[in-house]
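2 protein chains.
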Amino acid sequence: LNVLVVLAHPERGSFNSALCEAAVAEVERLGHRAEVSDLYAMRFAAAGGRDDFAVRRDPDHFHYQSEQLAAAHAGTFVPAIAAEQDKLRRADILILQFPLWWGGPPAILKGWIDRVCAYGVTYADGTRFDAGLFRGRRAMLSVTTGGTPHRFSDAGGYGPIDKVLWPVQHLFLAYLGYEVVAPQVCYGAARLDPIERARYLDSFRQRTRNLLADLPPPPPVPTPHEIAELVGERDWTSKV
Amino acid sequence: LNVLVVLAHPERGSFNSALCEAAVAEVERLGHRAEVSDLYAMRFAAAGGRDDFAVRRDPDHFHYQSEQLAAAHAGTFVPAIAAEQDKLRRADILILQFPLWWGGPPAILKGWIDRVCAYGVTYADGTRFDAGLFRGRRAMLSVTTGGTPHRFSDAGGYGPIDKVLWPVQHLFLAYLGYEVVAPQVCYGAARLDPIERARYLDSFRQRTRNLLADLPPPPPVPTPHEIAELVGERDWTSKV
């Protein structure tokens, strides 16, 4: 199986990086393949927009999904985005590794989502949830938090972690068709002692093994041209 | 009163821009002051990290909140961030205007949140929710969606809009102490006819008037040094 880990932390010596490395090592130890998109190391540009495209469909008025659809068919995404789309398409398992900032992914990861997961490449009209193009694949969030477990409850003020992660887990991952497993959450990451860190790393290795278990290799994600045939011409033009 | 509108849309001719302009015109018509942070026009860099700081506290290991705290006290944020912090501190009312991408703000706006709303400047240990440093101020999200109102229900798959917006409304705005009013939501923005657009613009002008009504001018947001005195030295160092 192919595993893609997208890492969004500005410090290579961080616990987030250690978690990423632990997952990769575990994947390879079990004879599978891992790729990493270390967004800060790549200096991945976060803001989605005109810079996503080598060629513009409409130079006068920028409509994001129309440009994405045109680029999907013409192959005119800039290389930084096309490369990530290729990684995503060949991954059977997707892990997003990030510190929770203001209740969500850091901007650099949100930008990866906004830019890479383009209309016409990763979804189209009517291809959502059970009909998502990534069905048969698995995804997991692995997040570190500043807050304690108590904070992530109704009484603690932030609300349960699944409520906090709803937009990423449901409106992004499940929307694309992924089977979304429970998130791996390291609470109070800045204040962990070495024993707690080791315990979290062990638990993450176990979660990684579980991700790989009993997953039949899924069929390839349809190409942009196959997607167009799948959803029909009319649906496409109505959106753009 | 001072109103800050943060706009996150890549196209100046978009409906998001029109909404932003309508709010600004209404604020000024009523004799108040409006500022706009048009993030795409500013080419605001989205990824929070080392580039936020003119001087680094620890060049070997990057810990975001520690660097933010040091920069807060030394005044060493880069100008692009310091300028936004000044705008935010003098705003009595904050409006975030954006298209909902994957259930959340576009990365460029998430980056504004991550970078501008720094530890030691906009919050510190124990200054959350009712004790937030921005209490007495009001905030509203104004979002456009691709999905119809039905989609934003449990039956429609995305869940109610307040559930989708929970991280931004609650873990960000309410956390800082803002009174968060109901979001202004333009559903199915790409498919609106001129009459529907006009109706949404009118409704947004009304919401803007409501934001300005009956808000006593709040006391200034504490300075970083006042915040340090407020929460005490011990609390500060425990976090960093």
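If you read the sequences in order, they're chains A and B.
Using this note's numbering, read the first sequence as starting at 538 and increasing by one per residue.
Using this note's numbering, read the second sequence as starting at 538 and increasing by one per residue.
Think of the CB as a built atom: it goes at the ideal place given N, C-alpha and C, for glycine as much as any other residue.
In this text the structure is predicted, and so the values were computed from the model without any measurement.
Tell me whether residue i is buried or exposed, calling it buried when 16 or more other Cβ atoms sit within 10 Å of its Cβ.
i	result
THR685(A)	exposed
ALA545(B)	buried
ARG771(A)	Low local confidence applies: a pLDDT of 46 at ARG771(A) is under 50, so the model's placement there is unreliable, with the coordinate-based value given in what follows. Label assigned to ARG771(A): exposed.
SER740(A)	exposed
ARG688(A)	buried
VAL758(A)	buried
ARG675(A)	buried
ASP651(A)	buried
LEU567(A)	exposed
PRO596(A)	exposed
ALA611(A)	exposed
GLN743(B)	exposed
THR659(A)	buried
GLY550(B)	exposed
THR681(B)	buried
PRO642(B)	buried
THR664(A)	buried
GLY586(B)	buried
ASP691(B)	exposed
HIS592(B)	For the sequence presented, residue 592(B) should be read as Val rather than His. Exposed, by the Cβ-count rule.
ALA644(B)	buried
ALA750(A)	exposed
GLU766(A)	exposed
GLU604(A)	buried
HIS707(A)	buried
SER775(A)	Unreliable positioning characterises SER775(A) in this predicted model, as indicated by a pLDDT of 41, which lies under 50. The coordinate reading is nonetheless provided below. Exposed: under 16 other Cβ atoms inside 10 Å.
PRO547(A)	buried
ASP589(A)	buried
ILE732(B)	exposed
Which residue marks the beginning of the beta strand (DSSP E) containing residue i, and which one marks its end?
i	result
ASP739(B)	It is not in any beta strand (DSSP E) - ASP739(B) instead sits in the alpha helix (DSSP H) that spans 731 to 749.
Going by DSSP, which residues form a beta bridge with residue i?
i	result
GLY641(A)	TRP638(A)
SER679(A)	GLN634(A), GLN721(A)
LEU541(B)	GLU572(B), LEU631(B)
GLU716(A)	ARG675(A)
I need the DSSP call for residue i, collapsed to helix, strand or coil.
i	result
CYS557(B)	helix
PHE666(A)	helix
ASP575(B)	strand
TYR601(B)	helix
VAL658(B)	coil
GLU548(B)	coil
PHE709(B)	helix
ASP691(A)	coil
ALA582(B)	coil
ARG771(A)	In this predicted model, ARG771(A) has a pLDDT of only 46, less than 50, meaning its place in the structure is not dependable enough to derive any value.
LEU646(A)	helix
LEU606(A)	helix
PRO697(B)	coil
PRO704(B)	helix
Could you tell me the boundaries of the alpha helix (DSSP H) in which residue i lies?
i	result
LEU625(A)	616 to 627
PRO494(A)	The requested residue 494(A) is not part of the displayed model; chain A covers only 538 to 777.
VAL758(B)	Premise fails: VAL758(B) is in no alpha helix (DSSP H) and is neither H nor E.
VAL592(A)	Element bounds for VAL592(A): n/a, residue is neither H nor E.
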